[in-house]
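What follows is one structure encoded as C-alpha cells, with my remarks underneath.
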Amino acid sequence: MNRNKDLDLLIHIRQQLVQPRYDEGELSGHLMPASKAIEELKMLAASGLTDDFVLLNGEYIPLDKLDGGDEPQSATTTKIPVVLYTKNLQHCCYYETVNEFLEDNSYQYPAFLFYIQELHFLSADQADPAVIEQYKDVLKFIELLVFISDYVIDNIGEPKEIVLFAKRKLNIVIQYNQNDLRRIAYLYQLHTQLYEAHDKEERKSIFTTEVISFLFPFPPYERFSKLLSSLDAVYDNYLKSHLLYVEKFSYHDLKSKVDKDKLEYTKKIYATVNDIQSRMIAVPAAFLLVLAQFDFVDTWSIKNILIAIGALLFSILLEVLLKNQFGVLHYVEREVLQFKSELSNSSTSIDLSEFTKSFAHLQSIANKQRVYLWIFRIIVWSVPLTAIILFFCKK
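Taking the numbering used here, the leading residue of the sequence shown gets 276, the next gets one more, and so forth.
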C-alpha cells in the first residue's frame, strides 16, 4: 500500500503538538514555530488540512508571515495554536484511538491507507501490532456468523444485525470495542469445518444451536461482546455436540435432560422432610396434652394409663410415617446412583464425567435430610417416654 504525503505530514505535525486534543475529525494543539514545521503547515493548508493562518495574541497572522527560525526554539518562544482537519484527508484516514477506528470499520478491513495514533500504527507498515491481529480475527469470525446466519439486517446508520434460527430466533447486534478484541486460535479449523467439511450443513446447524443456547439470555446489544468473551466455551460445546451428533445425541439436549433430572431428584430428597413437617406440629401438642392431663397425685390411675397408651399409639403412627419417609429417601438415593451409573456407562466418546460429578452434592443433601428425620424420630418417641417417666414422679 502506497504512502500518502499529506498523511505523513499530518502524522509528523501530530507528534510535535503540545497538549493535543481531538474531537470528531479535528486535531488541535500548540506547536513550536520552527521553519520546517511552518513549511509543513503550509503544505497541509494547501491540501485543506489546516488553516493558512494562525491566531496569535488576538491577531490573525498568515502562515507566510510567520518567521520561524532554523534552530530549535527556546523555551520562551510563543507556541502557535494549530488545528488539523483530519476529516479532510483524501484516500486515507487518521484515527486518534482504536475505538474510533473500530467504530468506522466494524465489519471490513479498510482498503485505504490509515493511521491509528494510539498504536502509532500506519497500515503501510510491514508488521501488524497485536491489537490489529486481534481485530482481523474478529472480522473473520463476523464473516463466519454472516455465513451461518439466516439473514442480515444492514440498515444505514445502524449496527449490522445477524439473525439466527434454530428452534428459536436470535438477533445479534454486531457492536464491539477494543476491550472485546481477541485472538481466536481455532478460527481456521472452524472456518474449514463450516465451509468445507463433508457434513458442513450439520456442523452449521450444531454451531448455530450452541450460539443461540448461550446468547439467548442476554440483550441483543450485549450478545456479540458476550460471544467473543466466551467463545472458547461455545466452541468446546460445539465440538462435543458434533461428536454426540455422530452418535445420535445432542450435547445441549443431554445437558438439559441431566439438569432436569437433577432438579427432580433434589425436589424428591427435600420432599422427604417437607411432606411431614405439618404432621410434626402435632408433637408439641402431644407433649402439652400429656403434661396437662396427667394426674400426678394418683399416678397409676386409669386416666394416666390411657394417656400413656395414647402417647404410645401416637408415636407408633408417626413412626410408620417416618419409616416410610426413610424408605422414600433410600429409594431416591438408589435412583440417583442408577442414573449416574447409566450415564457413566453410556457408549459415547464424550467425557461425561462433568455430568456425573454434578450429582455429588445430592448425597450431602440426602444425608442432611436423613439427620432431620432422625431428629423427628427422637422427638416423636420422647412423647411416650415422657408419659412413662411421669408414672414415677409423685408430688
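Think of the CB as a built atom: it goes at the ideal place given N, C-alpha and C, for glycine as much as any other residue.
Small disclaimer: the values here were computed from a predicted structure and weren't measured.
- Asp-379: member of the alpha helix (DSSP H) spanning 373 to 379, first to last residue.
- Going by DSSP, Ser-576 is part of no alpha helix (DSSP H) at all; its letter is neither H nor E.
- According to the DSSP assignment, Arg-458 belongs to no alpha helix (DSSP H), since it is labelled neither H nor E.
- Counting the other CB atoms within 10 Å of its CB gives Ile-391 a total of 16 or more, which places it among the buried residues.
- Per the Cβ contact rule, the stretch 465 to 477 is not in contact with the stretch 429 to 445 (fewer than 3 Cβ pairs under 8 angstroms).
- If you compare the alpha carbons of Tyr-606, Phe-376 and Thr-661 with that of Ile-584, the shortest gap goes to Thr-661.
- The alpha carbon of Tyr-463 has as its nearest neighbour, out of Phe-489, Ser-310, Leu-538 and Leu-419, the alpha carbon of Leu-419.
- Put simply, the stretch 310 to 319 touches the stretch 277 to 289. At least three CB pairs are less than 8 angstroms apart.
- In the structure shown, Asn-279 adopts coil according to DSSP, grouped into three states.
- In this structure Ile-449 is not in contact with Ile-481, their Cβ atoms being roughly 22 angstroms apart against a cut-off of 8 angstroms.
- In this structure, the straight-line span from the alpha carbon of Asp-511 to that of Thr-483 is close to 13 angstroms.
- In this chain, Glu-471 is not harboured by any beta strand (DSSP E), its DSSP state being neither H nor E.
- Contact between the stretch 502 to 510 and the stretch 538 to 545 is absent: fewer than three C-beta pairs spanning the two stretches fall below 8 angstroms.
- DSSP places Asp-412 within a helical segment (H, G or I) once states are collapsed to three.
- Cβ contact annotation for Leu-604 (same chain, cutoff 8 angstroms, sequence separation greater than five): Ile-544, Thr-547, Ala-641, Gln-644, Arg-645 and Leu-648, in chain order.
- Partner residues in a beta bridge of Ser-505, as assigned by DSSP, do not exist.
- Here the alpha carbons of Asn-452 and Glu-371 stand approximately 14 angstroms from one another.
- Following the DSSP letters along the chain, one finds Lys-442 in no beta strand (DSSP E), marked with neither H nor E.
- With three or more CB-CB distances shorter than 8 angstroms, the stretch 294 to 313 counts as touching the stretch 352 to 371.
- Proximity to Cys-368 across Asp-400, Leu-292, Leu-388 and Asp-455 peaks at Leu-388, based on C-alpha coordinates.
- Separation of the CB atoms of Ser-516 and Glu-485 is rounded to 6 angstroms, and the pair is thereby assigned contact status at 8 angstroms.
- Annotated three-state conformation of Pro-295 is strand, per DSSP.
- Within 10 angstroms of the beta-carbon of Asn-279 lie 16 or more other beta-carbons, which makes it buried.
- When the five nearest sequence neighbours on each side are left out, the beta carbons in the same chain lying within less than 8 angstroms of the beta carbon of Phe-499 are those of Ile-447, Val-448, Ile-449, Gln-450, Tyr-451 and Asp-455, in order along the chain.
- Looking at Arg-443, Tyr-606 and Ser-657, the one whose alpha-carbon comes closest to that of Ala-586 is Ser-657.
- Residue pairing by DSSP places Thr-325 opposite Leu-359 in a beta bridge.
- If you draw a straight line from the Cα of Pro-308 to the Cα of Arg-296, it comes to about 19 angstroms.
- For Leu-306, the enclosing beta strand (DSSP E) starts and ends at 301 to 306.
- According to the DSSP secondary-structure assignment, Pro-337 is paired through a beta bridge with Phe-328.
- Using a Cβ distance threshold of 9 angstroms, Leu-324 and Thr-353 do not count as a contacting pair.
- For the set Pro-659, Glu-314 and Ile-313, the Cα lying nearest the Cα of Leu-592 is the one of Pro-659.
- Minimum Cα-Cα distance from Tyr-513 among the listed residues Val-357, Asp-536, Lys-475 and Glu-378 corresponds to Lys-475.
- Per DSSP, the continuous beta strand (DSSP E) segment holding Leu-388 begins and ends at 388 to 391.
- The Cβ-Cβ distance between His-305 and Gln-290 does not fall below 9 angstroms.
- For Tyr-384, there is no enclosing alpha helix (DSSP H), as DSSP gives it neither H nor E.
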